[in-house]
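In what follows, a structure is listed as structure tokens, so that the remarks can point back to it.
Protein chains: 2
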Amino acid sequence: MIKQRGQVVVDKILDTAERLFFKQGYNVTGINQVIEEADIAKASLYKHFESKTDLLLAYLQRTHERWFDKLGGDVNKVADPREKLLTLFDYHRERQLQNGYSGCRFIKANDEAGMSDERVLAEIQKAKQHFKDFIAELVANSGHQKLLTDKELTDLIFMLLDGGIVAASIFKQADDLQSARTIIQKLL
Amino acid sequence: MIKQRGQVVVDKILDTAERLFFKQGYNVTGINQVIEEADIAKASLYKHFESKTDLLLAYLQRTHERWFDKLGGDVNKVADPREKLLTLFDYHRERQLQNGYSGCRFIKANDEAGMSDERVLAEIQKAKQHFKDFIAELVANSGHQKLLTDKELTDLIFMLLDGGIVAASIFKQADDLQSARTIIQKLL
DNA sequence: CTTTAAATATACAAACTTGTCTATTTAATA
DNA sequence: TATTAAATAGACAAGTTTGTATATTTAAAG
């Protein structure tokens, strides 16, 4: 799959948008900063994206795909079905360490634009629901001790991961995510 | 305690700022919208608050106090130490129903301004740490079955509440918070 | 080599941003 | 009632915002 001329520009735009929207925030990132740091012309941006909101949507969609692909890869490497669930916590923890405790791209986008734009909200809901379904499948195949029901364990892991990321982003450390892993280990 | 002349203005400003910052977001709320909806003069705002950031800080501080006072009241009404912990979930759930699933003021402020302003981050950390300490005390007095350690149970409840609020704010329903309550009930 | 499409730089519009300043009116106090 | 402090309306500065338009250059394909 050879990269078209336009694809290079789109990639540069999305890479820059991702970095800026995630690190400093969507609302405080101007189009002008995006085109400057992506080193492309403004007309090019508006040729590929109708509006700033459409750029946000494209960024969320690409994040959804990439994030999920990498997660799937990590989980597939693990054979034991209970270990697979624990890998979720490792994955989240590692990513927080990597990105300097910037939190979750979807939660952040929801807090910045989810309230005012329904297309953005729908995209965020889609990503989160997809992830929850993924957890549910892992739980169903985990053979856990049924101290909690499958649904309860799924809800628990889902909320612990989001809560753990939020805590990491506020306190700038991943201790809670580590703690969350230990807790689930005990309950499996 | 009689209200001074200036106190009325400050209250109007903070009430409006709270409503707008929480509902639509800090960065998309302009000073002009605040003064217009608060029905006060711009010079009055800048007489009481040095900058927009200082208004945000004042809003966060007042939110911290009020939120905590009301929570303490709710918890004090309950006698049973285990029930006190469950009240936390009821409190969070009720508030999400009331405010239309707008999420958490502190998480939202963190996602909007925590990355760029250290005073804001410090205020948010203070509020969250205060709450976590409060949970720790309730856990210590709960006489729970010690399936988890005190610290683990504290971390768990803390993360479940934040994760549950985030889920409520994304999916626009409080089912997860209800589920979280059931889970903790089983583990107490 | 010529055509065609894409990317470029740059100027521009119209609105909005935070914050300052002046001049006037209101209201509490001495 | 006279003084004093506070609140008011509104203009203004300097910069930023998103998005459009024009004219030019680049580069790929026939």
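Just so you know, the protein sequences line up as chains A and B, in that order. Throughout the first sequence, residue numbering follows this note's numbering, covering 1 to 188 in sequence. Throughout the second sequence, residue numbering follows this note's numbering, covering 1001 to 1188 in sequence. Where is the CB? At the ideal position from N, CA and C, for every residue including glycine.
Counting only C-beta atoms, is residue i closer than 9 Å to chain B at any point?
| i | result |
| --- | --- |
| S179(A) | yes |
| K128(A) | yes |
| V28(A) | yes |
| G102(A) | Going by the sequence as given, residue 102(A) is Ser instead of Gly. Closer than 9 Å to some Cβ of chain B, the Cβ of S102(A) qualifies, so yes. |
| K186(A) | yes |
| Q24(A) | yes |
| L121(A) | yes |
| F106(A) | yes |
| Q98(A) | no |
| I35(A) | no |
Compare the C-beta of residue i with all C-beta atoms of chain A and state if any pair is closer than 9 Å.
| i | result |
| --- | --- |
| E1118(B) | no |
| D1039(B) | no |
| E1112(B) | yes |
| T1182(B) | yes |
| K1042(B) | no |
| I1031(B) | no |
| I1135(B) | no |
| Q1125(B) | yes |
Pull up the distance between the alpha-carbon of residue i and that of residue j, whole angstroms please.
| i | j | result |
| --- | --- | --- |
| A122(A) | I13(A) | 23 Å |
| A140(A) | D1080(B) | 35 Å |
| T1154(B) | A167(A) | 13 Å |
| Y1091(B) | T1063(B) | 15 Å |
| K1023(B) | Y1101(B) | 10 Å |
| Q1096(B) | D1176(B) | 12 Å |
| W1067(B) | V9(A) | 48 Å |
| L1148(B) | I1031(B) | 48 Å |
| L1156(B) | N76(A) | 27 Å |
| D1074(B) | T1016(B) | 26 Å |
| Q98(A) | D1039(B) | 46 Å |
| H1144(B) | L1071(B) | 21 Å |
| K1052(B) | F1131(B) | 26 Å |
| K1042(B) | F134(A) | 51 Å |
| K1146(B) | F21(A) | 43 Å |
| L1055(B) | K151(A) | 43 Å |
| L1161(B) | Q129(A) | 19 Å |
| D1117(B) | F49(A) | 31 Å |
| E1065(B) | K47(A) | 49 Å |
| C202(A) | V34(A) | With chain A covering only 1 through 188, there is no way to say anything about residue 202(A). |
| L998(B) | K1126(B) | Absent from the model: residue 998(B). The displayed extent of chain B is 1001 to 1188, so no value can be given. |
| R982(B) | D11(A) | For chain B, the structure presents residues 1001 to 1188; residue 982(B) sits outside this window and is missing. |
| E36(A) | Q7(A) | 18 Å |
| D1069(B) | D69(A) | 45 Å |
Below 8 Å on the Cβ atoms is my guess for residue i versus residue j; work out the distance and round it to an integer in Å.
| i | j | result |
| --- | --- | --- |
| L86(A) | I183(A) | That pair is no contact at about 11 Å. |
| I124(A) | I1170(B) | 6 Å |
| N1027(B) | V28(A) | 6 Å |
| M115(A) | G1163(B) | Between G1163(B) and M115(A) the Cβ distance is about 19 Å, and since that is not below 8 Å, they are no contact. |
| F106(A) | A180(A) | About 18 Å; that fails the 8 Å criterion. |
| L57(A) | R119(A) | 6 Å |
| Q1178(B) | R1093(B) | 6 Å |
| E1083(B) | G25(A) | That belief does not hold up - the Cβ atoms of E1083(B) and G25(A) are roughly 40 Å apart, past 8 Å. |
| S1142(B) | L1188(B) | 7 Å |
| L1060(B) | A1136(B) | Actually they are not in contact, since the Cβ atoms of L1060(B) and A1136(B) sit about 22 Å apart, beyond 8 Å. |
For a test of your reading of the model: does the CB of residue i fall under 8 Å from any non-hydrogen atom of the ligand NAP? Yes or no.
| i | result |
| --- | --- |
| E36(A) | What this structure holds is no ligand at all, so the ligand NAP is not there to describe. |
Subject >> Start-end ranges of the beta strand (DSSP E) lying completely within the segment 125-182 of chain A, minimum 3 residues >> reply: none
Subject >> Contact list for the segment 146-175 of chain A against chain B, Cβ threshold 8 Å >> reply: L147, L148, K151, E152, D155, L156, F158, M159, L160, L161, D162, G163, G164, V166, A167, S169, I170, F171
Original post:
In chain order, which continuous runs of the alpha helix (DSSP H) of length 4 or greater are located wholly inside the segment 1025-1085 of chain B?
Top reply: As far as the segment 1025-1085 of chain B is concerned, its whole alpha helix (DSSP H) runs of at least 4 residues are 1031-1038, 1042-1048, 1052-1076.
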